[in-house]
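Line by line, the protein sequences are chains V and U. Note that our numbering has the first sequence beginning at 118, numbered continuously upward. Note that our numbering has the second sequence beginning at 412, numbered continuously upward.
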Amino acid sequence: NAGVMQNPRHLVRRRGQEARLRCSPMKGHSHVYWYRQLPEEGLKFMVYLQKENIIDESGMPKERFSAEFPKEGPSILRIQQVVRGDSAAYFCASSPSGTSGYTFGSGTRLTVV
Amino acid sequence: ILNVEQSPQSLHVQEGDSTNFTCSFPSSNFYALHWYRWETAKSPEALFVMTLNGDEKKKGRISATLNTKEGYSYLYIKGSQPEDSATYLCASPSGNTPLVFGKGTRLSVIA
C-alpha cells in the first residue's frame, strides 16, 4: 500500500505561470482533502472532494484556484497565474469515509519566483 | 467557524522528562478529536481519534484524554526521548465537515 502520493515534491514557478499539484489517495479511499501550510502557520483547509464531486470548497480562494478529482486518475489542485503569496506547502490527505481519520501525503512545496 | 487552540506553542524538555500539552475546542456540536504527530520533512501521522467524553487512548509512551463537556484534550508523553521531537497537532471537525487543525505544539527533547 503506497499511501497518499503527491507530486511533484517541489515545484518552482515564475509569477503568472500555472501550477498543477497532483494527489493520488490511498487505495480504497474516495475522500480527498487539500490543505495549505503558510510559513509559521498551521494547516489551513482548502477543499474537500469525493470522486468527481466537490463537497466543500469554502477554504479555497474564489479566483485562480480550482480542484478536481476525476473518476480516473489523481486529484489535481490547479493554481493559475501564480503570485508570490501562493508560495506554501500544499498537503493532500485521504480517508475512506467523511468521518474517518486522514492519511496525509508528503506535500508539494511550491515556490513562486 | 470552528476554532481549535493548542498550547503551548513550543516546548523544550530534557530526555526522560514527562510532558503534556493541551488542545481546546468548542464543546458545542462536538463530533471527534484527532491527534497527529508531524516530524520535520515528513507528513502528519495519525495518533488518536477520540469521540467519547472521558475517552483515554494510549500508544506506547504517548496517551491522550478527552473532556468534551469543557472542550479540551490533553496529550501526555511519558519519559520523553529525542525521537519524540515533532510538532503535535490536534484537529476537530464541526459535524461532518473537514478537520480544522490547531497550529500545533512543537516539542524538542534535548538529550
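Glycine included, every Cβ here is placed at the ideal spot set by N, Cα and C.
Cutoff 7 angstroms; reference Ser-438 (chain U); Cβ partners in own chain excluding five residues on either side: Thr-479, Lys-480, Glu-481 and Gly-482
Under 8 angstroms from the C-beta of Lys-453 (chain U): neighbouring residues of chain V: Ser-223
Should the stretch 159 to 167 of chain V be called in touch with the stretch 499 to 514 of chain U, which here means at least 3 C-beta pairs below 8 angstroms? yes
Output, in chain order, the set of chain U residues within a Cβ distance shorter than 8 angstroms of Glu-158 (chain V). Lys-514
In angstroms with no decimal places, state the Cα-to-Cα distance between Glu-189 (chain V) and Ser-147 (chain V). 11 angstroms
Can you tell me which of U:Pro-419, U:Glu-416, U:Asp-428 and U:Asn-414 puts its alpha carbon nearest to the alpha carbon of Val-520 (chain U)? U:Asp-428
Can you confirm whether Tyr-207 (chain V), when its beta carbon is compared against all beta carbons of chain U, has any partner nearer than 8 angstroms? no
Taking the alpha carbon of Val-230 (chain V) as the point to measure from, which residue in V:Leu-128, V:Arg-139, V:Ala-119 and V:Gln-123 has its own alpha carbon closest? V:Leu-128
Close-in-space but distant-in-sequence residues of the same chain around Pro-156 (chain V) (CB under 8 angstroms, 5 per side omitted): Ala-205
Bridge partners - Ile-473 (chain U), DSSP secondary structure assignment: U:Lys-470 and U:Ile-488
Strand pairing of Val-200 (chain V), partner residues [DSSP]: Its beta-bridge partners do not exist; DSSP assigns none.
Where does Asp-549 (chain U) fall in DSSP's three states? Nothing can be reported for residue 549 (chain U), as the shown portion of chain U is limited to 412 through 522.
Where the beta strand (DSSP E) containing Gln-167 (chain V) begins and where it ends: 160 to 167
Could you spell out the range, first to last residue, of the beta strand (DSSP E) harbouring Asn-124 (chain V)? 122 to 124
Could you tell me the distance, in whole angstroms, from the CA atom of Phe-432 (chain U) to the CA atom of Gly-133 (chain V)? 43 angstroms
Is there a C-beta anywhere in chain U that falls below 8 angstroms from the one on Phe-162 (chain V)? yes
Looking at the strands, I want to know which residues DSSP matches up with Thr-228 (chain V). V:Val-129
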